[in-house]
């Protein structure tokens, strides 16, 4: 058995954040596929035994079971000694972007992409709301990345791995990224990190048509 | 001048998280009122000089300017030696609930309350979406609080101060809380903390009809 197990599925960008971190750090890990689309995360057993919040990813390391991608990223940065902060100011700056990601970035794009590309709701007032909110967040991130190559300092950190969670799903992202030039360049920088993989090459896929 | 300044306005539950923490810790602080409803947080000067994310709260402490309520709460816990974690496991557990708050709890109730009670959009597909999502998050929190008095351990921590940010706005919360008995008892416990104040008694209000 690998040192780390990750409850995940490839369509989950939040899982991807953790999986990419494990891979980039060359840690000994294996995915534990979660059947999200058939309700596994909503089942009582999952909520009792794996995660009361009913979410992926969950990282298992020995007797530790850690949920919330932000906490997992921070934990793994400590374990691997990579992509973490160099000092307290950096630590807070990284945390700031990870909170922003959870509140205003991943939160909107994850739901927008789920509705349009997976649940196939079509365009609705809700998708329009999410698209506008995500656009606002993208503008803020693009402005920040106009000033520096990565979100914090001059190197990739877990803040970047958090915000990029849903950015590599290509055509599944129902919002054109062309006008966010600095975001696009930042994505290329992340793709250039040694060991980078696409989410669908890192984790088991679900049997759904996406 | 007080030791800490907090950019805030009373209608902002995210500001309330930080203001309540400052007050409960008896720290020397003063509010700096932000005219959110007339666009101050969207103005270029605010984005350049105060917070590029265009949000409140922002805490100023000497030369430090800290944004994102979660980061502020964590910083103040360190400053005051109160409401913070006692060990690494607790630290991660607190962080886990604060990420959950940003992603699934505050994110939905803040926007729902803004739309219904401040912007007065009336009921729309978007408010229905937000209400359902917030209901799901409330159910998870209620289940957790059925097992323990506060979110982490047996005492109030910054996790509680984060999740309670929008819970005390009374009739402005457009979702009945009666069926969440454990949440209601938890709110009473928070109200019983020495020094607790209502958001409208802690920060300057805006000149809007709420």
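Protein chains in written order, with this note's numbering: chain V, 241 to 450; chain L, 241 to 450.
All residues carry an ideal CB built from backbone N, CA and C; glycine is no exception.
Everything numeric in this text was worked out from a predicted model, so none of it was measured.
Only those residues of the segment 365-390 of chain V whose C-beta falls short of 7 Å from the nearest C-beta of chain L are listed: 365, 366, 369, 380, 383 and 384.
Beta-bridge partners assigned by DSSP to residue 307 (chain L): L:298.
With contacts defined as CB atoms closer than 8 Å, residue 391 (chain L) and residue 370 (chain L) fail to qualify as a contacting pair. Between residue 323 (chain V) and residue 381 (chain V) a beta carbon distance of about 18 Å is seen, past the 8 Å cut, so the two are scored as non-contacting.
In this structure, the straight-line span from the alpha carbon of residue 419 (chain V) to that of residue 356 (chain L) is close to 32 Å. By the Cβ test, the segment 299-307 of chain V is not in contact with the segment 260-269 of chain L, since fewer than three Cβ pairs between them sit closer than 8 Å. DSSP places residue 273 (chain L) in the uninterrupted beta strand (DSSP E) bounded by 269-273.
Nearest C-alpha to residue 310 (chain V) among V:253, V:278 and V:286: V:253. Within the segment 320-348 of chain L, those residues whose Cβ lies closer than 7 Å to any Cβ of chain V are, in chain order, 332, 335, 336, 339, 340, 342, 343 and 347. Under a criterion of Cβ atoms nearer than 9 Å, no residue of chain L is adjacent to residue 286 (chain V); the nearest Cβ is some 12 Å distant.
Under the 10 Å beta carbon count, residue 402 (chain V) is surrounded by 16 or more other beta carbons and is classified as buried. Residue 415 (chain L) and residue 434 (chain V) have their C-alpha atoms some 48 Å from each other. Listed as beta-bridge partners of residue 248 (chain V) by DSSP are V:273. Chain-ordered, the chain V residues with CB closer than 8 Å to the CB of residue 292 (chain L) read 380, 383 and 384.
Taking the beta carbon of residue 311 (chain L) as reference, the chain V residues within 9 Å of it are 332, 333, 335, 336 and 339, listed in sequence order. In this structure, residue 389 (chain V) and residue 429 (chain V) form a Cβ contact; the two beta carbons are roughly 6 Å apart against a cut-off of 8 Å.
Within 9 Å of the CB of residue 315 (chain L), the CB atoms of chain V belong to 332, in sequence order along the chain. Ranking V:242, V:348, V:424 and V:271 by CA distance to the CA of residue 368 (chain V) puts V:348 first. At a cut-off of 8 Å between beta-carbon atoms, residue 419 (chain V) makes no contact with chain L. In this model, residue 297 (chain L) and residue 400 (chain V) are separated by some 23 Å (Cα to Cα).
In this structure, the beta-carbon distance from residue 257 (chain V) to residue 313 (chain V) falls below 8 Å. By the C-beta density criterion, residue 365 (chain V) is exposed, having fewer than 16 other C-beta atoms within 10 angstroms.
For residue 387 (chain L), there is no enclosing alpha helix (DSSP H), as DSSP marks it with neither H nor E. Going by C-alpha positions, residue 250 (chain V) is about 40 Å away from residue 409 (chain L). Runs of the alpha helix (DSSP H) lying entirely within the segment 307-340 of chain L, each at least 4 residues long, are 309-320 and 328-340 in chain order.
Counting only the Cα atoms, residue 446 (chain L) lies some 7 Å from residue 277 (chain L). Following the DSSP letters along the chain, one finds residue 344 (chain V) in no alpha helix (DSSP H), marked with neither H nor E. Close partners of residue 307 (chain L) in chain V (Cβ separation under 8 Å): 336.
Approximately 7 Å separates the beta-carbon atoms of residue 383 (chain L) and residue 292 (chain V); this is inside 8 Å, confirming the contact. Membership of residue 292 (chain L) in any alpha helix (DSSP H) is not indicated, and neither H nor E is assigned to it by DSSP. Per DSSP, residue 428 (chain L) is one residue of the alpha helix (DSSP H) stretching across 421-431. When DSSP states are grouped into helix, strand and coil, residue 278 (chain L) belongs to the helix group. Shown here, residue 374 (chain L) sits in a helix according to DSSP, grouped into three states. Between the C-alpha atoms of residue 326 (chain V) and residue 385 (chain V) there is a straight-line separation of about 20 Å.
The straight-line gap separating the alpha-carbon atoms of residue 317 (chain L) and residue 437 (chain L) is approximately 18 Å. The three-state secondary structure of residue 287 (chain V), taken from DSSP, is helix.
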